[in-house]
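Chains as they are written, first to last, in the numbering used here: chain V, 533 to 836; chain Y, 8 to 157.
All residues carry an ideal CB built from backbone N, CA and C; glycine is no exception.
Below is one structure, written out as C-alpha cells, with a few remarks after it.
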Amino acid sequence: MKKSLISIRDFTKEEILHILETAKEFEQNPVQDFLTGKVIASLFFEPSTRTRLSFETAVNRLGARVIGFSDASNTSQSKGETLKDTIKMVNNYVDMIIMRHPLEGSSRYASEVADVPVVNAGDGANQHPSQTLLDLYSILQTQGTLDGLTINMVGDLKYGRTTHSLLQAMSHFKTKFVFTAPDELKMPKEYKEFLDSKGIEYIETASLEEHLNNCDILYMTRVQQERFTDPIEYERVKDCYSLDAEMLANVKDNMKILHPLPRVNEISQDVDETPYAYYFKQAENGLYVRMAIISYLLGHRPLR
Amino acid sequence: MSQKELKVSALENGTVLDHIPAENVYKALEILDLKDIESQITIGINLVSKQHGKKGIIKIADKFFEDDELNKLSLIAPDATVNVIRDFKVVEKKKLEIPKEIRGIGRCMNPKCVTNHQPIETRFSTAKKGDKISLLCHFCEKTTDSKGLF
Ligand SMILES: [Zn+2]
C-alpha cells in the first residue's frame, strides 16, 4: 500500500526509529544510486530554497531525477487551476511528489488525490515532518539516546510549528520539557493538554537563564514575522531572546544547541565557535534524513 | 392559532425534531437539506421549554431519516429528540449521537486551511470535552469548536 509522510503523527515510534537508523546508514555512505530511472516531483508552491535544495540533493544522491518548480508564480496554479488538477497531472509523470504549499492541509489533500507517495515539505504553519525527523536525528546523534532528556524550547512557541511537531514526536520518549517564551508567544493550550494526557512533565518560564544550565538540548527558534497578523506584537517580541557565548559558562557538558535556521539575532555569532553549537551539523543531517524518508516510502528500506 | 395548538397539531406520518435550541432551527433545516423538499414542514421557534428555556421544533411530513443524517444535528442541537410518527402515533423516540467523523458540513475556522481556498469537502473528527464538542480538521489539524462551524 502507498504510504505518504504528511504529519509526524503518520509515523509510529517504530517507524521514526527506523528512519533514524536508515539516515545513519546514508550518513556513512551517502552515494547509493538505487533509485536510478525514477523521477520525483519537487513542487514548491511557495519558495524555500533551503528545504528545496536539501530534498533535491537527497533525490540526486539516490540516483533519481527531479522535475518541478521552485515558485508557483509561473505555473498553471497562478492561472486558476485547482490544486487537485495540478497534482493529478504531475502524478502521471512521477514516482513520488515532494511538495511545499502555503495552505495548511494542502499536502494531506494532495496525498489523497495522488496515487504516488507524497512528502510534505511544509504546509503553512501546520507540519514539516522531515524537519522534525532531522531534529530527532540530531538529538539522538549528540545524546546517544532519545529517552529521558530535558529539552528546553526557546522563542516563538505559539506559532513555531517545528516546536509543536518535535513535541509530538518526543512524546514517544520519556522527555521533560522546558518552554521558554514571552507571554505573547507561549506554548498553546492544546499542546500542553496533549502532554498532560500523556503524563509528560513541562515547566514554563519567560527567562532564558532560568533553565539554561540543566537542559540537554536547547532548541532555539526564530520569531517569524510572516506568522504575525499584528505588526505591533511582532515588534514587541522579535528580539525577546539573544544567546551569546558568555551565557554558556555553566551549561551541562553534553548540552547542544539546535535551531531550524535561518537564525537572525537569537544566537550571536560567538556561539558558533563553542562546542555546544550544533545547528550547522543539524542542517546537514537533513540530507541523510530526507534520503531515508524517500527510500522508505519507495519501499527500498522497509521495516523489518 | 395558539402556541399550544401548534405544538400538538397532528402529523399523520413523518418526523418531529424537538428540543432544538431556538436560534439553531434554520441551521438544522440547512444541515438536513430541507430547504427544497416538497413535503409539508411545520416550524416552531421560541416555544417555551421546561428544561431549556426557548426551544424550536421542526415537523416534517412523510419524511424519515437515516440515523447518520440526523446525527449531524448533534453539533448544533445536542439535546434534540427525534420522534418518528406513523399513523398519528409516536412509534419511535430517539436521542442523537455525536458521529465520530462528519463530512461536508460546516467550515474550518482556520482561514489558512486548504478547505477554505479549494473546492474540497470538509472533514472533521469529533471529540467531546465536557458539554462542548470540538472538531479536529482532517486537513489542517486545527481544532474548531462546533459553535464556530457555521
Ligand atoms: Zn482545516
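Among the residues of its own chain, which have a CB less than 7 angstroms from the CB of residue i, if the five just before and after it don't count?
i	result
Gln756 (chain V)	Asp688, Tyr691
Lys770 (chain V)	Val755
Asp802 (chain V)	Asp776, Ala777
Ser605 (chain V)	none
Could you list which residues in chain V have their beta carbon closer than 8 angstroms to that of residue i, in chain order?
i	result
His195 (chain Y)	In the structure as shown, chain Y starts at 8 and stops at 157, and residue 195 (chain Y) therefore has no counterpart that could be examined.
Gln47 (chain Y)	The contacting residues do not exist; Gln47 (chain Y) stays about 41 angstroms from chain V at best.
Looking at the structure shown, is residue i part of a helix, part of a strand, or coil, going by DSSP?
i	result
Thr737 (chain V)	strand
Ser46 (chain Y)	coil
Pro720 (chain V)	coil
Leu41 (chain Y)	coil
Asp655 (chain V)	strand
Met752 (chain V)	strand
Pro916 (chain V)	Nothing can be reported for residue 916 (chain V): it is not among the residues displayed for chain V, which extend from 533 to 836.
Ile630 (chain V)	strand
Asp94 (chain Y)	coil
Lys770 (chain V)	coil
Ala68 (chain Y)	strand
Asn31 (chain Y)	helix
Val645 (chain V)	helix
Ser602 (chain V)	coil
Lys62 (chain Y)	strand
Ala870 (chain V)	This structure cannot settle anything about residue 870 (chain V), because the visible part of chain V is limited to 533 through 836.
Lys616 (chain V)	helix
Arg671 (chain V)	For the record, residue 671 (chain V) in the displayed sequence is Ile; it is not Arg. Looking at Ile671 (chain V) - three-state DSSP - the assignment turns out to be helix.
Val622 (chain V)	helix
Lys534 (chain V)	coil
His550 (chain V)	helix
Arg114 (chain Y)	coil
Thr133 (chain Y)	strand
Using the beta-carbon count (16 or more within 10 Å), is residue i buried or exposed?
i	result
Asn31 (chain Y)	buried
Val563 (chain V)	exposed
Asp94 (chain Y)	exposed
Val626 (chain V)	buried
Val55 (chain Y)	exposed
Asp748 (chain V)	buried
Ser608 (chain V)	exposed
Glu636 (chain V)	buried
Pro661 (chain V)	buried
Lys79 (chain Y)	buried
Leu567 (chain V)	buried
Asp25 (chain Y)	buried
Tyr7 (chain Y)	Outside the shown range of chain Y (8 to 157) lies residue 7 (chain Y), about which nothing can therefore be said.
Met719 (chain V)	buried
Ala17 (chain Y)	exposed
Arg593 (chain V)	buried
Asn782 (chain V)	exposed
Ser574 (chain V)	buried
Glu12 (chain Y)	Low confidence applies to Glu12 (chain Y): its pLDDT is 46, below 50, so where it sits in the model is not reliable, and the reading given next is rough at best. The residue in question, Glu12 (chain Y), is exposed, as its Cβ has fewer than 16 Cβ neighbours within 10 Å.
What does residue i touch in chain Y if you count any residue whose Cβ is under 7 angstroms from its own?
i	result
Gly656 (chain V)	Lys119
Start and end of the alpha helix (DSSP H) containing residue i?
i	result
Tyr811 (chain V)	811-829
Lys706 (chain V)	No alpha helix (DSSP H) contains Lys706 (chain V), which DSSP labels as neither H nor E.
Leu689 (chain V)	Leu689 (chain V) -> no alpha helix (DSSP H), and no H or E assigned at all.
His26 (chain Y)	Element bounds for His26 (chain Y): not the alpha helix (DSSP H) but the beta strand (DSSP E), 21-28.
Phe566 (chain V)	Element bounds for Phe566 (chain V): n/a, residue is neither H nor E.
Glu76 (chain Y)	74-78
Taking 9 angstroms as the threshold (beta carbon to beta carbon), is residue i in contact with chain C?
i	result
Pro634 (chain V)	No chain C is present in this structure, whose protein chains are V and Y.
Check the Cβ of residue i against every Cβ in chain V and list those closer than 7 angstroms, keeping chain order.
i	result
Thr151 (chain Y)	Neighbours of Thr151 (chain Y) on chain V: none; closest Cβ ~12 angstroms, over 7 angstroms.
Ile127 (chain Y)	Tyr641
Thr122 (chain Y)	Gly637
So, for residue i: in the same chain, excluding its five sequence neighbours on each side, which residues have a beta-carbon less than 8 angstroms away from its beta-carbon?
i	result
Asn20 (chain Y)	Ala68, Asp69, Ile92, Arg93, Asp94
Ser81 (chain Y)	Ala87, Leu103, Glu104, Ile105, Pro106, Ile140
Ser670 (chain V)	Lys788, Leu790, Tyr810, Lys813, Gln814, Asn817
Excluding the 5 residues preceding and the 5 following residue i in the sequence, name in chain order all residues of the same chain whose CB lies nearer than 6 angstroms to its CB.
i	result
Asn53 (chain Y)	Ala29, Lys61
Thr664 (chain V)	Ile540, Ser697, Leu698, Ala701
Asp565 (chain V)	Gly595
Thr583 (chain V)	Ala653
Ala815 (chain V)	Leu793
Tyr766 (chain V)	Gln757, Phe760
Which chain Y residues are close to residue i, counting only those with a beta carbon under 8 angstroms from its beta carbon?
i	result
Glu722 (chain V)	Thr150
Ser539 (chain V)	Glu148
Thr614 (chain V)	Gln125, Pro126
Got a sec, what are the start and stop residues for the beta strand (DSSP E) residue i sits in?
i	result
Ala596 (chain V)	Counting along the chain, Ala596 (chain V) falls outside any beta strand (DSSP E), and DSSP gives it neither H nor E.
Leu143 (chain Y)	139-144
Thr150 (chain Y)	150-152
Ile789 (chain V)	788-790
Ile109 (chain Y)	108-110
Leu575 (chain V)	571-576
Report yes if the C-beta of residue i is less than 8 angstroms from at least one heavy atom of ligand 2; otherwise report no.
i	result
Gly656 (chain V)	Ligand 2 is not part of the structure shown, which contains ligand 1 as its ligands.
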